[in-house]
Each structure stands twice: as C-alpha cells, then as structure tokens.
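Right, one structure below, let's go through it.
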Amino acid sequence: MKEEKLTRKLYNEIAQKEWKRLVKDEFHKLEFDTSLYFLKKHLPKKGLILDAGGGPGRYTIELAKQGYDVVLLDLTPANLELAKKKIKKEKVQDKVKDVVEGSITDLSSFKSNSFDAVICLGGPLSHVHPEKQRKKAIFELIRVAKKNAPVFVSVMGRLGVIIDSPKRFPGEIKMAKHFKEYALKGDDYMWHGGKGYCHFFLLEEFEKLFGKKAKILDRIGLEGLASPNREGINKNLKDKKIKKNWLDMHYKLCTHSSVVDLSQHIMIIGRKK
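Heads up: the sequence shown is residues 78 to 350, going by our numbering.
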C-alpha cells in the first residue's frame with residue numbers, strides 16, 4: 078500500500094531523529110513521561126509485552142530496564158537496526174526476547190492470547206490507511222493480548238495539530254484543499270514535507286475503533302493543556318519547581334475529555350474482554 082511504503086521509506090531516513098524525538102526538549106518529554114506514568118498505572122507487575130510499531134526501541138528499553146520481557150516489532154529496517162544497537166548499549170539483551178520486522182496490521186507471526194500487555198505508542202496507527210486497515214490493526218493488537226491484558230495505543234490528535242497550524246504550518250493553511258483535507262477528514266499526505274502520510278484523530282473516532290473488543294480504562298491527552306504552548310513549556314519547565322507543579326496538575330487534568338481531544342497525541346488504554 079502507498080501509505081505503508083511512504084512510512085517505511087520516511088522512517089528509514091529519520092531513525093536517529095525518531096530515537097531523539099521523545100527526549101529532545103521539555104515539550105516532547107511530556108508525551109514520553111505521560112505515557113510512562115500511565116504504563117506504570119495499568120501494566121501488570123511482570124510479564125511479556127509486545128511493543129508494536131516501537132520504532133528504534135525507546136519504550137522497549139525502558140520497560141526492559143523495569144524488568145519486563147519485551148518483543149519489539151516495527152515496519153522499518155533502519156529503526157530496528159538502531160534499536161538493536163541501543164538495546165546492546167543499554168545491556169538489556171536478555172530482557173528483549175525478539176526484534177521483528179512487521180506491520181501492526183498483520184501480527185500473524187504471533188499466536189492469539191500471547192502477551193501480558195501490548196503497547197503501540199508514538200502514533201504508528203496514524204500512519205495506517207484506510208479506516209478498515211486501522212480497524213484491522215486494533216483487532217490484531219487486541220487479539221495477541223491475553224484475556225484481561227491492557228492494550229495501550231496512542232495516535233496523533235487532529236484538534237491539537239489544527240490549533241498549532243497558524244504558528245507552525247501557515248503554508249499548509251494557504252493550500253485550501255489540503256488544509257480542509259487534514260482539518261476536516263484528518264488525512265495529511267504532506268506530512269514531513271510530503272514524505273509521509275499521517276491520519277489525525279478525533280477522540281470519538283479513535284475510541285470507536287476499539288468497538289466491543291476491549292473495555293476502555295483511560296483516555297489521555299499526552300501533552301494535554303501544553304499542546305498550544307510548546308515554547309512556554311520548553312522555556313519554563315527547565316525550572317524543577319515549575320515542572321513538578323505543572324506535571325502534578327497535568328496528570329490530574331489530562332484525562333478530561335476536552336483536554337484529551339485538544340492534545341497533539343492521544344492515548345487510549347483498553348482491557349481485553
């Protein structure tokens with residue numbers, strides 16, 4: 078499929094950039110820190126985790142350090158090669174049970190009910206097209222999880238991107254047809270300068286993909302109320318007191334439905350029925 082080929086090619090070119098993305102500044106750390114906060118809340122104390130679409134392995138390595146056994150799957154060879162190097166550097170090879178090339182839409186290499194938890198973080202689902210393939214991906218992520226296991230999925234949020242567009246993407250607003258396409262339908266074929274495809278989600282659209290296969294435990298806006306103010310976050314969260322107080326507030330408000338929908342990344346945590 079065209080979108081899958083675009084995604085593979087793009088991430089083959091930006092694997093190093095993707096590795097650094099989640100820790101490159103205070104704003105991006107919000108996505109990472111908030112994801113870890115809710116992983117800690119819902120993960121079992123031990124077990125085997127599938128990191129599906131896990132890129133160069135930042136979550137895989139973090140969970141391995143916490144004592145979990147992890148299988149990393151990603152679409153892109155360059156991501157996986159970088160992941161292997163980082164896994165070796167961090168000396169967690171014994172906890173990373175396998176590194177597999179594959180798509181989140183086809184997890185047929187794994188048996189049903191195999192994993193104690195499944196994560197799909199950072200937005201891999203946003204690169205899947207069309208909707209029936211996104212539904213298939215959610216079906217697969219839930220299928221390989223054991224009964225009652227948590228399934229964590231995060232995507233890129235539509236409203237958060239639109240709010241950010243006048244400041245960061247004014248050129249795209251000039252292109253009326255393109256702007257309407259991603260603002261009203263969520264589809265962006267000019268992502269990363271036209272090198273990639275991205276689907277931006279509304280919360281209700283994202284939630285419907287889970288259907289009756291899982292009970293929704295949490296809906297989270299990963300950047301939350303910081304979404305339209307990355308400059309202020311990057312400047313002021315370097316102060317430890319400001320950061321502590323902001324995060325205390327953030328973790329209490331980031332599950333509010335309006336905050337979730339305005340966030341640049343949205344996470345849903347479901348429990349397999």
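Yeah, the Cβ is synthetic: ideal placement off N, Cα and C, and Gly gets one too.
None of the values given here were measured: they were computed from a predicted structure.
Cβ-Cβ distance between residue i and residue j below 8 Å
i           : j           : result
residue 235 : residue 279 : yes
residue 148 : residue 123 : no
residue 194 : residue 202 : no
residue 277 : residue 345 : no
residue 198 : residue 229 : yes
residue 341 : residue 238 : yes
residue 240 : residue 304 : yes
residue 227 : residue 294 : yes
residue 358 : residue 92  : In this structure the chain extends from 78 to 350, so residue 358 is not present and cannot be described.
residue 118 : residue 224 : no
residue 172 : residue 222 : no
residue 298 : residue 324 : no
residue 134 : residue 164 : yes
residue 347 : residue 291 : yes
residue 196 : residue 114 : no
residue 116 : residue 192 : no
residue 343 : residue 337 : yes
Where the beta strand (DSSP E) containing residue i begins and where it ends
i           : result
residue 284 : Where residue 284 is concerned, there is no enclosing beta strand (DSSP E), although the alpha helix (DSSP H) it sits in stretches over 280-285.
residue 309 : Taken as a continuous stretch (DSSP letters only), residue 309 belongs to no beta strand (DSSP E), being part of the alpha helix (DSSP H) at 307-313.
residue 342 : 342-349
residue 83  : No beta strand (DSSP E) holds residue 83; the alpha helix (DSSP H) holding it covers 79-90.
residue 292 : 291-298
residue 259 : Careful: residue 259 lies outside any beta strand (DSSP E) and carries neither H nor E.
residue 196 : 194-197
Spatial distance of residue i from residue j (CA atoms)
i           : j           : result
residue 179 : residue 90  : 18 Å
residue 330 : residue 301 : 8 Å
residue 131 : residue 288 : 24 Å
residue 139 : residue 253 : 42 Å
residue 296 : residue 326 : 16 Å
residue 188 : residue 88  : 27 Å
residue 250 : residue 270 : 14 Å
residue 204 : residue 264 : 10 Å
residue 274 : residue 145 : 32 Å
residue 84  : residue 129 : 15 Å
residue 281 : residue 255 : 23 Å
residue 52  : residue 97  : In the structure displayed, the chain extends from 78 to 350; residue 52 sits before or after that span and is not available.
residue 267 : residue 107 : 25 Å
residue 151 : residue 218 : 13 Å
residue 258 : residue 320 : 36 Å
residue 170 : residue 216 : 29 Å
residue 160 : residue 94  : 13 Å
residue 328 : residue 110 : 10 Å
residue 245 : residue 262 : 20 Å
Extent of the continuous alpha helix (DSSP H) to which residue i belongs
i           : result
residue 239 : 235-245
residue 273 : Element bounds for residue 273: not the alpha helix (DSSP H) but the beta strand (DSSP E), 273-276.
residue 171 : It is not in any alpha helix (DSSP H) - residue 171 carries neither H nor E in the DSSP assignment.
residue 337 : 334-339
residue 375 : Limits of the chain in this structure are 78 at one end and 350 at the other, which puts residue 375 out of reach.
residue 365 : Outside the modelled stretch of the chain, which goes from 78 to 350, sits residue 365, for which no answer is possible.
Proximity test, Cβ basis, 8 Å: residue i and chain C
i           : result
residue 200 : The chain inventory of the structure shown lacks chain C, comprising one protein chain alone.
Proximity test, residue i beta-carbon vs the ligand COA heavy atom, cut-off 7 Å
i           : result
residue 335 : With respect to small molecules bound, the structure shown includes none, and the ligand COA cannot be examined in it.
Quiz item: What runs of the alpha helix (DSSP H), each 4 residues or longer, lie entirely inside the region 102-155?
Solution: Within the region 102-155, the complete alpha helix (DSSP H) runs of at least 4 residues are 103-119, 135-142.
query = Looking at C-beta atoms only, is the number of pairs between the region 302-311 and the region 101-109 that lie closer than 8 Å three or more?
reply = Yes, since at least three Cβ pairs between the region 302-311 and the region 101-109 fall closer than 8 Å, the two stretches touch.
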